[in-house]
Amino acid sequence: MRVKITAEPGSTMAVETGSWRMEVKPKFLQKNCIACRLCYLVCPEGCIEGKEKNTYHTDYRYCKGCGLCAYICPKEDIVMVKEEEKV
Amino acid sequence: MKDIFEGSEAVARTIKACRVGVISAYPITPQTRIVEFLARMVAEGELKARFLNVESEHSAASVVLGASATGARAYSATSSQGFILMAEVLYNIAGLRLPLVLTVANRALSAPINIWNDHQDSLTLRDAGWIQFYGESIQEVCDLHIQAYRISEDPRILLPVMVCMDGYILTHGHEVVDIPEPEEVDRFLPPYKPVHVLDVDNPVSMGLLAGPESYMETRYAIHKTMEEALEIIPEVAKEFEKIFGRKSGGLIEAYRVEDADRVIVGMGSMMGTVKEIVDELREEGERVGALKVITHRPFPGKAIYQALRKVKEIAVLEKAISLGSWAPLCGEIKALFQGKEENPQISGFVIGLGGRDITPENIRDIFLKWKGKVVEAEFVNLNPEIVGKGAEK
Chain X
93 MRVKITAEPG STMAVETGSW RMEVKPKFLQ KNCIACRLCY LVCPEGCIEG KEKNTYHTDY
153 RYCKGCGLCA YICPKEDIVM VKEEEKV
Chain Z
107 MKDIFEGSEA VARTIKACRV GVISAYPITP QTRIVEFLAR MVAEGELKAR FLNVESEHSA
167 ASVVLGASAT GARAYSATSS QGFILMAEVL YNIAGLRLPL VLTVANRALS APINIWNDHQ
227 DSLTLRDAGW IQFYGESIQE VCDLHIQAYR ISEDPRILLP VMVCMDGYIL THGHEVVDIP
287 EPEEVDRFLP PYKPVHVLDV DNPVSMGLLA GPESYMETRY AIHKTMEEAL EIIPEVAKEF
347 EKIFGRKSGG LIEAYRVEDA DRVIVGMGSM MGTVKEIVDE LREEGERVGA LKVITHRPFP
407 GKAIYQALRK VKEIAVLEKA ISLGSWAPLC GEIKALFQGK EENPQISGFV IGLGGRDITP
467 ENIRDIFLKW KGKVVEAEFV NLNPEIVGKG AEK
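Chains as they are written, first to last, in this note's numbering: chain X, 93 to 179; chain Z, 107 to 499.
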């Protein structure tokens, strides 16, 4: 007997796992950003984007709120805020 | 080709005859010779396959998982610590329903470190969803590998199979072995046609999350497949006999049990010694027999029950112990008779751990000296100097 154990590909995009986030989320202040890209590099979800200084932002549909981007930012330009705060 | 072969070489030549496409393994005693032979065959162009060198058994198992998922016929072999390092991946291979054959050159587990034979390694993974065969002779081990691919790739099964062979006794022993040519194996083992396959042109996702709403069904499906395999394994053995002209494989081998009062149950190479002693004791007028369990998973409970139901005394000999309980097979044989009219005396003996010799005298003693007595997990042939006065308090 077999049951279906394979699935359509692309579930990483299809399933918006940002709903797993609890309590806090990163807020990108976009004031002192030097575009060093460290936040982009450390994000385990790969959901941070940006090009020029002060353009970096995260995709809250996938962000888990782990805080690594805020931790690594050398300019303290990313801060963790309460989930309910408007960003 | 019929010749005298070392067990490891015989297995390597059999794997070659099965036209394996991807091999990955990490060397560990007593498995090493098998993969050395295969590596040489690949290097010399004698076997057209990819041999991937890796940094551990965990990686070796991961490589063959991936190879099988892409539709290749894959192979690996290991022993002991290497086997339990593979454990995490081995569960995944079964859960992903990927056909694969793994040779386990059975060896004791650490600590203390010991490179010699017993069955403690492979028995730790009896619940992993792998079909498990135990061979008695080099010939039987080779034949089981060919059948293993056929069973594993059967679209009704799609489960991995491990063929267990006693380290040193079978891997390094020499025997006259009849190894079929690849063209002969082709008549029995058609090219592998994967049911679901990783393919960039038709992408699928494998091994995704299954939550409380669907995980249990995947386990149920493997369990049902195991039950179905109890019908398919003997069918495959019959077809093997038709093509190659010798009996090999199947669920169990019952040896002189029809009118036996006392029967020894066991697995692997020791059953050769047991059958010898059965013949000797029969000549002396003792009504004794032997029952060899070839297929350990799925557990052939009905076949064993049918073979043993008229027997008065059963002794289960195992190269393993579930520390703090019975040895694993003994507990299962006991369970077979629960609630049945027949009520044989069932004793458990732990024997030959870490390569300790199992002598003809040991087997005679179990048949004769233990007559009428029940023991739960009796360690045979312990050294009294180590466990007696010399034991630390």
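The beta-carbon is built from N, C-alpha and C at its ideal position, and this holds for glycine as well.
With a 10 Å radius around its C-beta and 16 neighbouring C-beta atoms as the bar for buried, classify residue i as buried or exposed.
i: Arg-462(Z); result: buried
i: Asn-212(Z); result: buried
i: Pro-398(Z); result: Per the sequence presented here, residue 398(Z) reads as Lys, with Pro not at that position. Lys-398(Z) comes out buried.
i: Lys-479(Z); result: exposed
i: Gln-412(Z); result: exposed
i: Thr-209(Z); result: buried
i: Met-377(Z); result: buried
i: Tyr-274(Z); result: buried
i: Met-107(Z); result: exposed
i: Leu-488(Z); result: exposed
i: His-329(Z); result: exposed
i: Val-179(X); result: exposed
i: Trp-222(Z); result: buried
i: Met-105(X); result: exposed
i: Lys-299(Z); result: exposed
i: His-280(Z); result: exposed
i: Gly-391(Z); result: exposed
i: Asp-385(Z); result: exposed
i: Gly-102(X); result: exposed
i: Lys-122(Z); result: buried
i: Glu-498(Z); result: exposed
i: Ser-320(Z); result: exposed
i: Met-322(Z); result: exposed
Tell me the DSSP bridge mates of residue i?
i: Tyr-255(Z); result: Tyr-255(Z) pairs with nothing; no bridge assigned.
i: Glu-141(X); result: His-149(X)
i: Met-268(Z); result: Leu-208(Z), Gln-238(Z)
i: Gly-395(Z); result: Val-369(Z)
i: Val-282(Z); result: Ile-110(Z)
i: Phe-350(Z); result: Looking at the DSSP assignment, Phe-350(Z) forms no beta bridge with any residue, so it has no partner.
i: Lys-174(X); result: Val-116(X)
i: Ile-358(Z); result: Val-399(Z)
i: Thr-184(Z); result: Val-210(Z)
i: Glu-484(Z); result: Phe-455(Z)
For the ligand MN, is there a heavy atom less than 6 Å away from the beta-carbon of residue i?
i: Glu-287(Z); result: This structure lacks the ligand MN; in fact it carries no ligand of any kind.
Report all residues from its chain with a CB closer than 8 Å to the CB of residue i; omit the five preceding and five following residues, and keep chain order.
i: Thr-202(Z); result: Looking at the sequence itself, residue 202(Z) is Leu, so the reference to Thr does not match. Excluding residues within five positions, the ones whose Cβ falls inside 8 Å are Leu-171, Ala-175, Met-312, Gly-313.
i: Lys-145(X); result: Cys-125, Ile-126, Ala-127
i: Ala-234(Z); result: Ala-193, Leu-196, Tyr-197, Ala-200
i: Ser-258(Z); result: Pro-205, Leu-206, Val-207, Ile-237, Leu-264, Leu-265, Pro-266, Val-267
i: Lys-408(Z); result: Leu-336
i: Met-114(X); result: Gly-157, Glu-175
i: Ser-428(Z); result: Pro-434, Gly-437
i: Arg-388(Z); result: Arg-362, Val-394
Within a Cβ cutoff of 7 Å, which residues of the same chain sit near residue i, ignoring the five residues on either side of it in sequence?
i: Asp-365(Z); result: Arg-393
i: His-302(Z); result: Val-310
i: Tyr-163(X); result: none
i: Thr-120(Z); result: Cys-248, His-251, Ile-252, Ile-285
i: Ser-382(Z); result: Contrary to the premise, residue 382(Z) reads as Glu rather than Ser in this sequence. Closer than 7 Å at Cβ, skipping near neighbours: Pro-466.
i: Val-464(Z); result: Strictly speaking, residue 464(Z) in this sequence is Ile, with Val absent from that position. Answer for Ile-464(Z): Met-376, Thr-379, Ile-457, Gly-458, listed in chain order.
i: Ser-340(Z); result: Residue identity differs from the one stated: residue 340(Z) is Pro in this sequence, not Ser. For Pro-340(Z), where only same-chain residues beyond five positions count, the Cβ hits under 7 Å are Gly-356, Leu-357.
i: Arg-181(X); result: Chain X is shown only over 93 to 179; residue 181(X) falls outside these bounds and no answer can be derived.
i: Ala-343(Z); result: Gln-253, Ser-354, Gly-355, Gly-356
For residue i, which residues of its own chain have a beta-carbon under 6 Å away from its beta-carbon, when the five flanking residues on both sides are left out?
i: Glu-115(Z); result: Phe-143
i: Glu-484(Z); result: Phe-455
i: Ile-349(Z); result: Arg-293, Phe-294
i: Gly-110(X); result: Tyr-152, Arg-153, Tyr-154, Cys-155
i: Val-116(X); result: Gly-157, Met-172
i: Cys-270(Z); result: Val-210, Asn-212, Ser-228, Tyr-240
Since residue i contacts residue j with CB under 8 Å, what's their CB separation in whole angstroms?
i: Val-422(Z); j: Phe-455(Z); result: 7 Å
i: Lys-119(X); j: Val-173(X); result: 5 Å
i: Val-128(Z); j: Ala-166(Z); result: That pair is no contact at about 11 Å.
i: Met-76(X); j: Thr-379(Z); result: The shown model of chain X, from 93 to 179, leaves out residue 76(X), and the question about it has no answer.
i: Leu-295(Z); j: Arg-256(Z); result: 5 Å
i: Ile-452(Z); j: Ile-400(Z); result: Actually they do not touch by this definition, with Cβ atoms about 20 Å apart.
i: Asp-169(X); j: Leu-121(X); result: 5 Å
i: Met-373(Z); j: His-225(Z); result: 7 Å
i: Asp-249(Z); j: Phe-346(Z); result: 7 Å
i: Cys-139(X); j: Thr-150(X); result: 6 Å
i: Cys-135(X); j: Cys-165(X); result: Not a contact, Cβ separation roughly 12 Å.
i: Leu-474(Z); j: Pro-450(Z); result: Their Cβ separation, rounded to whole angstroms, is 18 Å, which puts Leu-474(Z) and Pro-450(Z) out of contact at 8 Å.
i: Arg-139(Z); j: Glu-112(Z); result: 7 Å
i: Ala-327(Z); j: Val-95(X); result: 5 Å
query = Taking the runs of the alpha helix (DSSP H) that are 4 residues or longer, which of them lie wholly in the region 98-134 of chain X?
reply = With a minimum length of 4 residues, the unbroken runs of alpha helix (DSSP H) contained wholly in the region 98-134 of chain X fall at 103-106, 130-134.
Every unbroken alpha helix (DSSP H) within the region 114-181 of chain Z, with a cutoff of 4 residues, ordered by chain = Taken in chain order, the complete alpha helix (DSSP H) segments of 4 residues or longer contained in the region 114-181 of chain Z are 138-149, 163-175.
key: Within the region 395-470 of chain Z, ranges of the alpha helix (DSSP H) (whole runs, at least 4 residues)   = If only complete runs of 4 or more residues are kept, the region 395-470 of chain Z shows the alpha helix (DSSP H) at 407-414, 434-442, in order along the chain.
3-residue-minimum beta strand (DSSP E) runs that sit fully inside the region 293-337 of chain Z, ordered along the chain = Under the rule that a run must span 3 or more residues, no beta strand (DSSP E) segment is found entirely inside the region 293-337 of chain Z.
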